[in-house]
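Protein chains in written order, with the numbering used here: chain A, 71 to 184; chain B, 708 to 819.
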């Protein structure tokens, strides 16, 4: 079974621009969660989508948004990029919309904002 | 706010010995805890979990202990192997299952 894939793997943007990251979950998984990893902060939960609906949301500003398509693929968008948005963005898929279920992570997209 | 804390950024252990990774949490509403392992250039992979109704869960060389009164959990790896060298994250979710909080991670190095 193919794992979680994320594209692109690396991205360089300038302040003020916007960016869209993509995540394809494991086949059959309907839940996709997004996380931001920065040095010293660990992984911080952004939001979770299940069956095309945002089910849960972390404490991030509205510049961070996402969506999920009918095939469970998900995109995350960050508008008006700031230097502090430089991070590794990870998505994870799961069978169900519950953090009691094991999540499978993709390799991440490394975003650098200059 | 850091509701899940891993106070040791790094740990070095000799091959064959026990590795003990620690994690503290502040939110008493957390009731499910997980450990993930992360190699460079890869996403985290699930290792082991424990529900708050238990105080111990074992899977091969990996055992997680939960002390609810102290709001503390630990991961024991016995015996440690060089392939265990990675960053280990503990994570916690609450009864509503609407959020997942991760610690900052502990880098484990197992020396041959």
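Ideal Cβ positions, reconstructed from N, Cα and C, are used throughout, including at glycine.
As the structure is a computational prediction, the values presented were derived from the model and not from experiment.
I'd like to know whether the C-beta atoms of residue i and residue j end up nearer to each other than 8 Å.
| i | j | result |
| --- | --- | --- |
| residue 741 (chain B) | residue 758 (chain B) | no |
| residue 136 (chain A) | residue 142 (chain A) | no |
| residue 113 (chain A) | residue 104 (chain A) | no |
| residue 182 (chain A) | residue 82 (chain A) | yes |
| residue 750 (chain B) | residue 177 (chain A) | yes |
| residue 107 (chain A) | residue 148 (chain A) | no |
| residue 84 (chain A) | residue 184 (chain A) | yes |
| residue 753 (chain B) | residue 152 (chain A) | no |
| residue 727 (chain B) | residue 792 (chain B) | no |
What would DSSP say about residue i, mapped onto helix, strand or coil?
| i | result |
| --- | --- |
| residue 762 (chain B) | coil |
| residue 153 (chain A) | helix |
| residue 731 (chain B) | strand |
| residue 73 (chain A) | coil |
| residue 790 (chain B) | helix |
| residue 776 (chain B) | coil |
| residue 710 (chain B) | coil |
| residue 89 (chain A) | strand |
| residue 98 (chain A) | coil |
| residue 722 (chain B) | coil |
| residue 62 (chain A) | In the structure as shown, chain A starts at 71 and stops at 184, and residue 62 (chain A) therefore has no counterpart that could be examined. |
| residue 108 (chain A) | strand |
| residue 140 (chain A) | coil |
| residue 145 (chain A) | strand |
| residue 814 (chain B) | strand |
| residue 80 (chain A) | strand |
Apart from the five residues on each side of it in sequence, which residues of its chain come closer than 6 Å, Cβ to Cβ, to residue i?
| i | result |
| --- | --- |
| residue 124 (chain A) | 117 |
| residue 94 (chain A) | 75 and 143 |
| residue 814 (chain B) | 717 and 794 |
| residue 819 (chain B) | 722 and 789 |
| residue 779 (chain B) | 731 |
| residue 80 (chain A) | 180 |
| residue 770 (chain B) | 783 |
Report all residues from its chain with a CB closer than 7 Å to the CB of residue i; omit the five preceding and five following residues, and keep chain order.
| i | result |
| --- | --- |
| residue 800 (chain B) | 737, 739, 806 and 807 |
| residue 99 (chain A) | 142, 163, 164 and 165 |
| residue 830 (chain B) | Outside the modelled stretch of chain B, which goes from 708 to 819, sits residue 830 (chain B), for which no answer is possible. |
| residue 133 (chain A) | 148, 149 and 150 |
Any heavy atom of the ligand HEM within a distance shorter than 7 Å of the CB on residue i?
| i | result |
| --- | --- |
| residue 817 (chain B) | By its list of ligands, the structure shown contains no ligand whatsoever, and the ligand HEM lies outside what it can speak to. |
Ends of the beta strand (DSSP E) at residue i?
| i | result |
| --- | --- |
| residue 118 (chain A) | 112–120 |
| residue 132 (chain A) | From DSSP, residue 132 (chain A) is part of no beta strand (DSSP E); its letter is neither H nor E. |
| residue 801 (chain B) | 793–801 |
| residue 183 (chain A) | 179–183 |
| residue 124 (chain A) | 123–127 |
| residue 807 (chain B) | 807–809 |
| residue 739 (chain B) | 737–745 |
Apart from the five residues just before and just after residue i, which ones in its own chain have a Cβ nearer than 8 Å to its Cβ?
| i | result |
| --- | --- |
| residue 96 (chain A) | 71, 72, 73, 74, 163 and 174 |
| residue 715 (chain B) | 728, 729 and 813 |
Which whole-angstrom value describes the C-beta separation of residue i and residue j, a residue pair presumed to lie in contact below a C-beta threshold of 8 Å?
| i | j | result |
| --- | --- | --- |
| residue 138 (chain A) | residue 122 (chain A) | 5 Å |
| residue 729 (chain B) | residue 709 (chain B) | So it is not a contact: roughly 14 Å between Cβ atoms. |
| residue 101 (chain A) | residue 120 (chain A) | 5 Å |
| residue 817 (chain B) | residue 776 (chain B) | That pair is no contact at about 31 Å. |
| residue 701 (chain B) | residue 809 (chain B) | Since the first and last residues shown for chain B are 708 and 819, residue 701 (chain B) lies out of range. |
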